[in-house]
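K.L.:
One structure follows; several queries about it will come next.
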Amino acid sequence: MLSAVLICASSILTMLSIIGLSELVPESVRVALVVLTAVTLPGLPIASWLCLPRNGIFASVAVALSLASTLLLSQLSNVAGLHHPFAVQLLILGMATVPTVLLANRWRTQPSVLRASPGRSFLVSVRATLGRASGYSIAMLAIALALFVAGVSELDTDRSGATGLIGILGIKYVAGFALLCVVLAVEYSRTVIDKAMLALSNVMLVMYMTMPVAWSDRTAPFSTAYVHRYIADWIVDIGAMPPPVDARISWGGFFSGAAHLMSIGSLNDSAVFVTSASFFFGVLLIFPVYAIALALSGNARTAWLGVTVFVLFNWYQQDYFAPQAVAMQLYATILAVLIWQLRAARLPVLHGRRFAGLTKPWSRLPGLVPRTDARWSLAMEVALVVLIAAMVVSHQLTPLVTIGALLSMSMLGVTRLKLLWLAALLIFVAWFTYGASAYWQGHLGEVLHELGSVRSSLGVGVSNRIAGDPVYSTMQLLRIGAGALLFVMAAVGLYRIRRSKFWLIAAALALQPFMLVVVQSYGGEVVIRCFLYASPVLAPLAAIALRSVLRLGTRGRERRWGITLVTGVLLLILGLWGLTNRGLNTSFEHTDPAELAISEQLAKQVAPGSVAFWGQGTLLGLPRGHDVGAACIEAGRDLAECTAEGDASYLIVTRQDERLLEYRYRVDHDAVARAIELLVSYYAFTPVYSSELVTVLERAGAKPVLLGIPQ
C-alpha cells in the first residue's frame, strides 16, 4: 500500500514538473517527496517481494537499492549524453510498479502474507510500544528535545576557538544531552527492552551529535558541501556532466543523483538538501549497523547498543552532503546482508585445530538461508551487484574497501557469493578505465607515486594533524584516544565471540579497511576513512564487550538501578567526548551565512579557476581554485609572494580560512593582515570587499566584480 501511494505521488509530481506546474506544490513538500522517493523506490517493494526479515535488513536493502537506482541510472544517462531526468524517473517508477503489482496479487491470493508484512508488523509494534512505554521515558525525551531546541537557538558558533564546539555548548544543551543519556541507560537496563523506544532515543542521539552547528547557523556544518552543491547545480544548468575540472566529477554518481532530484522536483538549488544531510544520513545508517550488530551478537539489546556506540564514536563527519555518505550506506548494507546470511545459513565446520584448515576455507560453501532457494539467492546477488555498481560510479575509495571485504569473506568461506568480489573488481576497473579516464590520465603519476607510501599516508593523516596551535593539537589527541578505545573495546568483544563462526570474519572486516594506507593518502584523510569503514563492525563488537561488562538486563530492582547509573554516566562521558571530537574543527568548518553570501556572489561572477585562497576555499563552491596557503606555508614562503606569483585574478580570505591557518599552521591574524596589506601596497591588488568575515582582493586588470549587494 505504501509503495503504491509513493508511486502515485511521485508520478503526479513528475508530470507537474514536465508540464511546468510544479509550483502548485509548496517547495517544502516537493523536497520531502523527492527525498522520500529516493530512499523508498524501487527498493521498498523489491525488499517486500524478497520477503526480507524485519531485523534491519529489510530497511537497509530498501533504502540502498532505491538510492543505488537513482545514482546509477542518472549517472549512466548523463555520461551517455542523454540527460533526461523525467525519463529516468519514469523508469524508476516502472521498476517499482512491477513488484508492487506482484505483491498486490500475492496478498490477494495469500491473505496471511498481509498479516505478516513488515509494514503491518511495524504498526503493531508501535501500538504495543505506546501501550507499555514508560511515561517517564517519554516525558524525559520530550524535555530533552525542548532543551535541544533551546540550546541550538542560543548557540553562537562564531565564539568557537581551538577547543571547537565543546567550548561553546550552553548548559541547556548539555542538560538535554545528559537527560537523553539517562533515557538510554534506563531503556538498556530494562529486563525486557522496548525496541521502539530505543529506536526513538537513538534517532535523537543522532540529532544531538550531528546537528547543533548546522541548525544553529542554518547552513552546512562542513563547508565542502558547497562544492558538491555547485557541481550538482552545474549538471542541472548545462544538462550534462561538467568537464572534469575536479576529480570528484569523474565519480559523479552522487552529483547526478542530486541533480536528478532537483529536476523532478523543479528545485532551483540543491542547497535545500545541504543543511540537514548529516541527520538524514545518520538516521539511515542506523538500519545496516543494527543489522550487523544483531547478526554478530544474536541479541536485540546488544544490537541497539551497537548503534549507540557507532553514533557516539562517529566523529569523522563524513555524513554531510557528500558522495562518501551515500557510498557508506551502500557499503554498510552489503556487509549487513552478507553477515546476516552467514548467521541464518548453516556453515560447514572445518575439521582439525582452529588454525589447521586456514588454507582451505575458501572451498567451503555455506548453506542457503532457511525458507529460500537458489533463485532467491541469485536475486540477492543481483541486488548487491547493483549496489556495487552505484558505489563505483559515485566514490573513488569505497569500492576498494568493498572489494577487500568481499574477497575476505570469499577466502574464509563464509559466503555463497564466491565471485562477488571479482564482479566488483571488474566493475571498478571498467569504470576507472573508461568512466574516470580523465582523472587517471592526468593524475596517474601521482596515484602510482603514493602506492606503498605508508609512512607518508600516516604522516599526512596523523602527524600533520597534531601540529600547529598547542591547544588545538592537544585536543586532536582526544580523537586518537577515541580510536584506540574503540579498538580495545572491539578486541574484548571479539574475544567474547571467539567460539562463534563470526570471530575470524569480524576481525578481517574490522582490520582490512586499514590496508588503504598502502594505496594513497587521500588528501590526508585516509586514516579517518579507515576508521569510518571499520566502524560498522568495530561498534557492534564494542557493544558486545560493554554489555558483558555492564551486565545490562540483569534482574533485581536494586542491582538494576546501580547498573543504570553506571551506564548513564558512561554514556554521558562517551557522548561529551564524541561531541568534542566531532566539533573540534567548528571554528573553521562552520559556515556563517554572511560569508556564504559573499562567496556565492563572487562565484557567480568569475571563472572557476580564477580565485586563490589561503585556507579551504570551499565556501566558493568552485571545484577548482588556487590553494596557495598550505603549500606556501610548508615551503616557508610568504603568502603574499606565493599569491602574486600565481595567475589567479582574485583572492578571497574568510574568517574560516584565518582560523584554519592559525590552528593548523600557527599563522595568526596579524600575519594574514600583513600579507593582505602587502598584496595591496606592493603587488597591485585592489580590495573589492572587506568586512570582519570576508576580504576579497582583485588583481589589476581583472574583470571587475560587484560584491555586497543584496540579491
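Here the sequence shown stands for residues 1 to 711, numbered as in UniProt numbering. By construction, the Cβ of each residue, glycine as well, lies at the ideal position given by its N, Cα and C atoms. For clarity, every value in this text was computed on a predicted model and none was experimentally measured.
Could you tell me which residues DSSP pairs with serine 690 in its beta bridges?
P.N.:
Thr695
K.L.:
Pull up the distance between the alpha-carbon of tyrosine 650 and that of arginine 659, whole angstroms please.
P.N.:
20 angstroms
K.L.:
For isoleucine 652, which of helix, strand or coil comes out of DSSP?
P.N.:
Three-state result, isoleucine 652: strand.
K.L.:
Could you check if proline 221 is buried or exposed, using at least 16 other CB atoms within 10 Å of its CB as the buried criterion?
P.N.:
With 16 or more Cβ atoms within 10 Å of its Cβ, proline 221 is classed as buried.
K.L.:
So, helix, strand or coil for arginine 373, using DSSP?
P.N.:
The amino acid at residue 373 is misidentified as arginine; the sequence shows aspartate. In the three-state reduction of the DSSP assignment, aspartate 373 falls in the coil class, being assigned neither a helical nor a strand state.
K.L.:
By DSSP, does glycine 646 sit in helix, in strand, or in coil?
P.N.:
The answer is coil: DSSP assigns glycine 646 none of H, G, I, E or B.
K.L.:
When you compare the CB positions of phenylalanine 321 and arginine 229, do they come within less than 8 angstroms of one another, or not?
P.N.:
yes
K.L.:
Take leucine 422 as the anchor and find which of Thr333, Val186, Leu407, Phe514 has the nearest alpha-carbon.
P.N.:
Checking every option, the nearest Cα to that of leucine 422 belongs to Leu407.
K.L.:
Applying the 10 Å Cβ sphere with the 16-neighbour rule, what's the burial state of valine 326?
P.N.:
buried
K.L.:
Taking the alpha helix (DSSP H) that valine 611 belongs to, which residues open and close that run?
P.N.:
Run containing valine 611: none in the alpha helix (DSSP H); it sits in the beta strand (DSSP E), 611-613.
K.L.:
If you reduce the DSSP assignment to three classes, tell me which class histidine 395 lands in.
P.N.:
coil
K.L.:
Who pairs with phenylalanine 685 in a beta bridge, going by DSSP?
P.N.:
Arg699
K.L.:
Measuring CB to CB, does threonine 224 end up less than 8 angstroms from tyrosine 331?
P.N.:
no
K.L.:
What's the C-alpha gap between leucine 73 and serine 278?
P.N.:
Going from the Cα of leucine 73 to the Cα of serine 278 covers about 24 angstroms.
K.L.:
Can you name the residues that DSSP bridges to glycine 298?
P.N.:
Per DSSP, none; premise fails for glycine 298.
K.L.:
Please state the DSSP three-state secondary structure of histidine 260.
P.N.:
helix
K.L.:
Output the boundary residues of the alpha helix (DSSP H) element that contains serine 266.
P.N.:
No alpha helix (DSSP H) contains serine 266, which DSSP labels as neither H nor E.
K.L.:
Express the C-alpha separation of alanine 175 and leucine 169 in angstroms, rounding to a whole number.
P.N.:
10 angstroms
K.L.:
Please classify methionine 391 as buried or exposed, where buried requires at least 16 neighbouring CB atoms within 10 angstroms.
P.N.:
buried
K.L.:
For proline 627, list the residues DSSP reports as bridge partners.
P.N.:
Here the sequence assigns aspartate to residue 627, which means proline is not the residue at that position. Answer by DSSP bridge pairing, in chain order: Phe613.
K.L.:
Does the Cβ of methionine 241 have 16 or more other Cβ atoms within 10 Å, making it buried, or fewer, making it exposed?
P.N.:
buried
K.L.:
Which residues does DSSP list as the beta-bridge partners of glycine 161?
P.N.:
Gly164
K.L.:
Once DSSP output is grouped into helix, strand and coil, what is the label at glycine 131?
P.N.:
Any reading at glycine 131 must be qualified, since the residue scores a pLDDT of 49, below 50, and its modelled position is unreliable; the value itself is stated next. Glycine 131 falls in the helix class under three-state DSSP.
K.L.:
Could you pull out every residue in the same chain whose Cβ sits closer than 6 angstroms to the Cβ of leucine 16, ignoring the five residues on either side in sequence?
P.N.:
Ser22
K.L.:
Quick check on alanine 356: does DSSP put it in helix, strand or coil?
P.N.:
For alanine 356, the predicted structure reports a pLDDT of 49, less than 50, and the residue's modelled location is therefore unreliable. A value from the coordinates is still provided. Residue state, collapsed to three classes: coil.
K.L.:
For the putative contact between alanine 232 and alanine 196, defined by C-beta atoms under 8 angstroms, what is the C-beta separation to the nearest angstrom?
P.N.:
Between alanine 196 and alanine 232 the Cβ distance is about 36 angstroms, and since that is not below 8 angstroms, they are no contact.
K.L.:
Taking the C-alpha atoms as reference points, what is the distance between proline 288 and valine 98?
P.N.:
26 angstroms
K.L.:
Pick from Arg30, Met328, Glu641: whose alpha carbon is nearest that of isoleucine 388?
P.N.:
Of the candidates Arg30, Met328, Glu641, the one whose C-alpha sits nearest the C-alpha of isoleucine 388 is Met328.
K.L.:
What span of residues does the alpha helix (DSSP H) with arginine 108 cover, start to end?
P.N.:
85-109
K.L.:
Which residue from Pro687, Ala162, Val63, Met204 puts its Cα closest to that of cysteine 181?
P.N.:
Met204
K.L.:
Whose CA, out of Arg655, Asp638, Val628, lies closest to the CA of phenylalanine 646?
P.N.:
As written in the sequence, residue 646 is glycine, which differs from the phenylalanine given in the question. Relative to the Cα of glycine 646, the nearest Cα in the group Arg655, Asp638, Val628 belongs to Val628.
K.L.:
Please classify isoleucine 403 as buried or exposed, where buried requires at least 16 other C-beta atoms within 10 Å of its C-beta.
P.N.:
buried
K.L.:
Could you please give the first and the last residue of the uninterrupted alpha helix (DSSP H) stretch that includes proline 536?
P.N.:
DSSP places proline 536 inside the alpha helix (DSSP H), whose first and last residues are 526-550.
K.L.:
Using 8 angstroms as the threshold, is the C-beta distance between isoleucine 544 and leucine 552 below it?
P.N.:
no
K.L.:
Evaluate leucine 400 with the Cβ neighbour count: other Cβ atoms within 10 Å of its Cβ, from every protein chain shown; 16 or more gives buried, anything less gives exposed.
P.N.:
buried
K.L.:
By the 10 Å Cβ neighbour count, where 16 or more other Cβ atoms means buried, how is residue 726 classified, buried or exposed?
P.N.:
Any property of residue 726 remains undetermined from this structure, which presents the chain solely from 1 to 711.
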